[in-house]
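>
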Amino acid sequence: MRDAKTLRVLDTGLRRAAENMALNRALLESHQAGTSPHTLRFLRFTPSALLGFHQDVEQELRTDYCAEQGIDIQRRITGGGAIYFDETQIGWELYLDKGFLGTADMGAIAKKICEAAAEGISALGVDARYRPRNDIEVDGRKISGTGGAFDGDSIMYQGTLLIDFDVERMLRVLRIPAEKLSDKAIESARDRVANLKDLLGGNMPTFAEVQERLAESFARAFDVKLEWADAMNAAEDAAFREALADIDTPEWTYQHNRPATDATMHEAITRSQGGTLRVGVAVDPVRNQLKQVWITGDFFVKPRRLVVDLEGALRNTPIEALEANVKAFFEDHPAEMLMLTPDDFVSAIRAAVDAGRD
Amino acid sequence: MDCNGCEFHPELYYDDEYQIWVRREDDGNLTVGMTDLSQTIAGKILHVRVRRPGTRRPPGKPVATIESGKWAGPIPNFMDCTIIEGNAEVMENPSLLNADPYNAWVARVEPVDGADKALEGFHTGDDARKGYCARVKKDDIHCDKN
Numbered sequence: 001m002r003d004a005k006t007l008r009v010l011d012t013g014l015r016r017a018a019e020n021m022a023l024n025r026a027l028l029e030s031h032q033a034g035t036s037p038h039t040l041r042f043l044r045f046t047p048s049a050l051l052g053f054h055q056d057v058e059q060e061l062r063t064d065y066c067a068e069q070g071i072d073i074q075r076r077i078t079g080g081g082a083i084y085f086d087e088t089q090i091g092w093e094l095y096l097d098k099g100f101l102g103t104a105d106m107g108a109i110a111k112k113i114c115e116a117a118a119e120g121i122s123a124l125g126v127d128a129r130y131r132p133r134n135d136i137e138v139d140g141r142k143i144s145g146t147g148g149a150f151d152g153d154s155i156m157y158q159g160t161l162l163i164d165f166d167v168e169r170m171l172r173v174l175r176i177p178a179e180k181l182s183d184k185a186i187e188s189a190r191d192r193v194a195n196l197k198d199l200l201g202g203n204m205p206t207f208a209e210v211q212e213r214l215a216e217s218f219a220r221a222f223d224v225k226l227e228w229a230d231a232m233n234a235a236e237d238a239a240f241r242e243a244l245a246d247i248d249t250p251e252w253t254y255q256h257n258r259p260a261t262d263a264t265m266h267e268a269i270t271r272s273q274g275g276t277l278r279v280g281v282a283v284d285p286v287r288n289q290l291k292q293v294w295i296t297g298d299f300f301v302k303p304r305r306l307v308v309d310l311e312g313a314l315r316n317t318p319i320e321a322l323e324a325n326v327k328a329f330f331e332d333h334p335a336e337m338l339m340l341t342p343d344d345f346v347s348a349i350r351a352a353v354d355a356g357r358d
Numbered sequence: 001m002d003c004n005g006c007e008f009h010p011e012l013y014y015d016d017e018y019q020i021w022v023r024r025e026d027d028g029n030l031t032v033g034m035t036d037l038s039q040t041i042a043g044k045i046l047h048v049r050v051r052r053p054g055t056r057r058p059p060g061k062p063v064a065t066i067e068s069g070k071w072a073g074p075i076p077n078f079m080d081c082t083i084i085e086g087n088a089e090v091m092e093n094p095s096l097l098n099a100d101p102y103n104a105w106v107a108r109v110e111p112v113d114g115a116d117k118a119l120e121g122f123h124t125g126d127d128a129r130k131g132y133c134a135r136v137k138k139d140d141i142h143c144d145k146n
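Respectively, the protein sequence lines represent chains W and A. Numbering-wise (the UniProt record's numbering), the first sequence opens with residue 1 and increments by one. Numbering-wise (the UniProt record's numbering), the second sequence opens with residue 1 and increments by one.
1) Closer than 8 Å between beta carbons: that is the criterion. Which residues of the stretch 64-76 of chain A meet it against chain W?
2) Output yes or no for whether 8 Å exceeds the beta carbon distance between isoleucine 90(W) and arginine 44(W).
3) Classify threonine 341(W) as buried or exposed, calling it buried when 16 or more other Cβ atoms lie within 10 Å of its own Cβ.
4) Taking contact to mean 3 or more Cβ pairs, one atom from each stretch, closer than 8 Å, check whether the stretch 125-145 of chain W and the stretch 61-74 of chain A are in contact.
5) Which residue wins for smallest C-alpha separation from aspartate 55(W), given the options Tyr65(W), Gln69(W), Pro37(W), Gln74(W)?
6) Taking threonine 146(W) as the query, report the chain A residues whose CB atoms sit under 9 Å from its CB, ordered along the chain.
7) Taking 7 Å as the cut-off, is the beta-carbon of valine 63(A) closer than that to any non-hydrogen atom of the ligand SAH?
8) Can you give the Cα-Cα distance for aspartate 144(A) and alanine 229(W), rounded to whole angstroms?
9) Alpha carbon to alpha carbon, how far is leucine 51(W) from lysine 111(W)? Give it in angstroms, no decimals.
10) At what residues does the beta strand (DSSP E) containing histidine 31(W) begin and finish?
11) Please report whether the beta-carbon of histidine 54(W) lies at a distance below 8 Å from any beta-carbon of chain A.
12) Identify, in the order they occur along the chain, each residue of the same chain with its Cβ nearer than 7 Å to the Cβ of leucine 244(W), setting aside the five sequence neighbours on each side.
13) When Cβ atoms are compared, which residues of the stretch 113-135 of chain W fall closer than 7 Å to chain A?
14) How should proline 94(A) be labelled, buried or exposed, when 16 other C-beta atoms within 10 angstroms of its C-beta is the threshold for buried?
15) Which residue from Val173(W), Gly81(W), Leu14(W), Asn288(W) puts its Cα closest to that of threonine 46(W)?
16) What residues in the stretch 72-92 of chain W have a beta carbon less than 9 Å from any beta carbon of chain A?
17) Going by beta-carbon coordinates alone, are histidine 266(W) and valine 281(W) separated by less than 8 Å?
18) I'd like the list of long-range same chain contacts for tyrosine 14(A), defined as Cβ closer than 8 Å, with 5 residues on each side in sequence excluded.
19) Would you kindly work out how many angstroms separate the C-alpha atoms of glutamate 187(W) and arginine 304(W), rounded to a whole number?
20) May I have the straight-line CA-CA distance separating glycine 312(W) from lysine 327(W), to the nearest angstrom?
21) Isoleucine 41(A) versus chain W: which residues are under 9 Å apart at the beta carbon?
22) Kindly list, in the order they appear in chain A, the residues whose Cβ is closer than 8 Å to that of alanine 149(W).
23) For the stretch 303-330 of chain W, which residues have a beta carbon sitting closer than 8 Å to at least one beta carbon of chain A?
24) From the DSSP output, in three-state form, read off tyrosine 13(A) for me.
25) Whose C-alpha, out of Ile41(A), Pro53(A), Asn77(A), Glu120(A), is nearest the C-alpha of residue 157(A)?
26) Measure the CB-CB distance between valine 279(W) and isoleucine 176(W) and report whether it falls below 8 Å.
27) Closer than 8 Å, CB to CB, is aspartate 139(A) near chain W or not?
28) Measure the CB-CB distance between residue 361(W) and glycine 140(W) and report whether it falls below 8 Å.
29) Distance, Cα to Cα, glutamate 216(W) vs alanine 355(W)?
30) With 8 Å as the limit, tell me which residues of the stretch 263-291 of chain W have their beta carbon closer than that to any beta carbon of chain A; keep them in chain order.
31) Any contact between the stretch 104-113 of chain A and the stretch 24-43 of chain A? By contact I mean 3 or more CB pairs, one from each, below 8 Å.
32) Looking at the structure shown, is residue 384(W) part of a helix, part of a strand, or coil, going by DSSP?
33) Quick one: which chain A residues come within Cβ less than 9 Å of glycine 34(W)?
34) Which residues in chain W have a C-beta closer than 8 Å to the C-beta of glutamate 92(A)? List them in chain order.
35) Looking at the unbroken alpha helix (DSSP H) that takes in glycine 312(W), where does it start and where does it end?
36) Short of 6 Å in beta carbon distance, which residues of its chain neighbour alanine 42(A), apart from the five on each side in sequence? Order them along the chain.
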């Protein structure tokens with residue numbers, strides 16, 4: 001029943017997180033079962049904090065803030081980190097299979113899809129580029145983050161598109177050190193994301209135009225024709241109802257919750273000739289590894305996204321591999337620094353780790 | 001026979017796509033893991049979650065899920081079975097699946113209708129080796145643990 005040369009386009013509108021996640025599961029399972037065509041879905045969310053598939057609510061989110069603000073908490077079926085999603089973003093996602101994509105290599109699949117998405121975003125009048133492994137950027141600032149899930153040969157790959165995103169709100173939803181909520185830190189976080197509205201000003205396209213440009217770009221990249229649909233088929237509807245009954249429950253969202261104290265956060269401030277480094281770390285004591293690192297402070301590095309990249313590269317680093325990983329990172333990422341050395345970063349992170357060992 | 005450096009064990013049982021391996025235990029239970037080619041495709045594995053012991057899983061319903069990079073998904077299951085236990089060591093240190101896929105088992109399961117019935121349709125021995133190498137070559141998979 002599935003036509004290899006057709007991509008169905010669905011717009012499921014503004015929905016609660018639970019419904020969007022249930023649609024993820026329903027459409028991926030239906031695709032795997034052969035009852036669903038290759039599909040591009042556009043989706044939007046009422047305010048939602050979305051956890052990665054294997055994450056824990058208490059470790060990642062400020063649940064009190066979410067409750068106070070009426071923000072839904074939901075678990076995704078895709079991997080990666082927690083994100084905040086609301087009406088100021090558009091979601092896009094593809095349901096395809098490895099045969100359609102011509103490869104089983106997950107990295108190659110992400111690249112192919114992200115490059116096509118970047119071209120579609122560029123058609124709106126900005127210069128968007130894929131940035132390995134999972135981002136799309138405009139001028140070094142993130143405009144779209146992506147992730148995927150698979151089930152047998154079927155894959156679902158999804159991404160965001162920031163239209164008028166409020167970075168500060170996202171930072172308040174995520175459980176990160178208070179340090180990252182200073183005016184300066186918020187400003188620097190804002191500096192790392194690109195909103196379509198800021199980039200295009202008065203020439204802002206409508207939702208329909210955004211969808212059309214993205215859909216056309218995917219159709220070109222995969223050499224298929226588009227078929228705009230109004231609704232899902234009966235098998236998908238049934239799968240959706242079944243998935244919603246499972247996902248729209250605390251059992252799904254809060255599964256395997258570990259108390260927030262399991263990954264402890266510590267901070268330290270160190271000074272060197274190159275300036276002041278403030279480092280926050282979340283350590284997983286069971287695996288003895290850095291869960292996450294946050295680096296701010298008063299120092300000079302270029303390119304400016306280097307610090308974000310270093311934070312990303314150090315995720316899930318065993319503590320004994322810290323020094324080697326920092327050095328390997330700087331070997332791969334040429335940096336311009338004023339009086340600051342890779343060793344300064346090692347010492348600063350080490351100090352934050354040690355701060356938790358009192 | 002060279003399989004692009006992908007490790008193979010003829011005494012184990014494999015699904016059609018060579019994604020998982022299954023070992024018969026003396027007590028009639030089965031041990032399940034990921035193959036070398038499968039962990040290679042997945043890339044560095046960051047999380048593993050095994051369903052609760054005592055849960056019955058029919059064919060098509062996964063025993064465990066994994067996450068690598070920003071991809072998440074099931075380790076496929078083809079047997080009607082009940083979960084006995086997940087490998088705690090692997091759940092705490094999922095990269096063992098990359099480093100040593102045939103020792104880093106994922107779960108032990110009890111086949112509902114016995115091991116013989118559960119392993120019907122699986123491949124083993126020389127037949128499996130041929131299929132495994134063919135899959136590696138077809139998808140151009142190179143297993144390089146370094």
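Just so it is clear, CB atoms sit at the ideal spot from N, CA and C, and this is done for glycine as well.
Reading off the structure:
1) Thr65, Glu67, Ser68, Gly69, Lys70, Trp71, Ala72, Gly73, Pro74, Pro76
2) Here residue 90(W) refers to the residue found at position 90 when the first sequence is read from its first residue. Here residue 44(W) refers to the residue found at position 44 when the first sequence is read from its first residue. In contact: isoleucine 90(W) and arginine 44(W) (Cβ atoms closer than 8 Å).
3) Within the first sequence, numbered from 1, the residue matching residue 341(W) stands at position 341. The residue in question, threonine 341(W), is exposed, as its Cβ has fewer than 16 Cβ neighbours within 10 Å.
4) yes
5) Here residue 55(W) corresponds to residue number 55 of the first sequence, with the count starting at 1. This sequence places glutamine at residue 55(W); aspartate is not what is there. Here the closest residue by C-alpha is Gln74(W).
6) Taking the first sequence and counting its residues from 1, the one referred to as residue 146(W) is at position 146. Those within 9 Å of threonine 146(W) in chain A are Lys70.
7) Questions concerning the ligand SAH fall outside what the structure shown contains, since it holds no ligand whatsoever.
8) Indexing the second sequence from 1 puts residue 144(A) at position 144. Indexing the first sequence from 1 puts residue 229(W) at position 229. Their Cα atoms are separated by approximately 44 Å.
9) For the purposes of this step, residue 111(W) is taken as residue 111 along the first sequence, with counting starting at 1. For the purposes of this step, residue 51(W) is taken as residue 51 along the first sequence, with counting starting at 1. Rounded to the nearest angstrom, the two C-alpha atoms are 23 Å apart.
10) Counted from its first residue, the first sequence places residue 31(W) at position 31. Not the beta strand (DSSP E): histidine 31(W) falls in the alpha helix (DSSP H), residues 17-33.
11) Residue numbering aside, residue 54(W) sits at position 54 when the first sequence is read from its first letter. It does: the Cβ of histidine 54(W) has a partner Cβ on chain A nearer than 8 Å.
12) The residue you call residue 244(W) lines up with position 244 of the first sequence. Closer than 7 Å at the Cβ level, and outside the excluded window around leucine 244(W), lie Ala18, Glu19, Ala22.
13) Arg133, Asn134
14) Within the second sequence, residue 94(A) is the residue found at index 94, counting from 1. That one is buried.
15) Counting from 1 along the first sequence, the entry for residue 46(W) is found at position 46. Minimum Cα distance to threonine 46(W) is reached at Leu14(W).
16) Arg76, Ile77, Thr78, Gly79, Gly80, Gly81
17) For this step, residue 266(W) is matched to residue 266 along the first sequence. For this step, residue 281(W) is matched to residue 281 along the first sequence. Contact flag set, yes.
18) Reading the second sequence from its first residue, position 14 is the one you call residue 14(A). For tyrosine 14(A), where only same-chain residues beyond five positions count, the Cβ hits under 8 Å are Ile20, Trp21, Val22, Thr35, Phe122, His123, Thr124, Ala128, Gly131, Tyr132.
19) Against the first sequence, residue 187(W) aligns to sequence position 187. Against the first sequence, residue 304(W) aligns to sequence position 304. Cα to Cα, glutamate 187(W) sits roughly 13 Å from arginine 304(W).
20) To locate residue 312(W), count along the first sequence from 1; it is residue 312. To locate residue 327(W), count along the first sequence from 1; it is residue 327. Rounded to whole angstroms, glycine 312(W) to lysine 327(W) spans 14 Å at the Cα level.
21) Indexing the second sequence from 1 puts residue 41(A) at position 41. Within 9 Å Cβ-Cβ: Ala104, Asp105, Met106.
22) As a first step, residue 149(W) must be located in the first sequence, where it is residue number 149. Chain A residues near alanine 149(W): Trp71, Ala72, Gly73.
23) Asn316
24) Residue 13(A) sits at position 13 when you count from the first residue of the second sequence. Correct three-state label for tyrosine 13(A): strand.
25) The structure shown does not extend to residue 157(A), since chain A is modelled only from 1 through 146, so no value can be given for it.
26) As a position in the first sequence, residue 279(W) is number 279, starting the count at 1. As a position in the first sequence, residue 176(W) is number 176, starting the count at 1. No. Outside cutoff.
27) Against the second sequence, residue 139(A) aligns to sequence position 139. For aspartate 139(A), the answer is yes, since a Cβ of chain W falls inside 8 Å of its Cβ.
28) A query on residue 361(W) cannot be resolved here, the shown segment of chain W reaching from 1 to 358 and no further.
29) Start at 1 with the first residue of the first sequence, and residue 216(W) comes out as number 216. Start at 1 with the first residue of the first sequence, and residue 355(W) comes out as number 355. Near 52 Å, if we compare the C-alpha coordinates of alanine 355(W) and glutamate 216(W).
30) Val286, Arg287
31) yes
32) What is shown of chain W runs 1 to 358, which leaves residue 384(W) out entirely.
33) In the first sequence, residue 34(W) corresponds to position 34, counting from 1. Near glycine 34(W) there are no residues of chain A at all, since even the closest Cβ is about 13 Å away, more than 9 Å.
34) By one-based count along the second sequence, residue 92(A) stands at place 92. Correct list: Val286, Arg287.
35) Stepping through the first sequence from its first residue, residue 312(W) is reached at position 312. 306-313 is the extent of the alpha helix (DSSP H) around glycine 312(W).
36) Within the second sequence, residue 42(A) is the residue found at index 42, counting from 1. These residues qualify, in order along the chain: Ser68.
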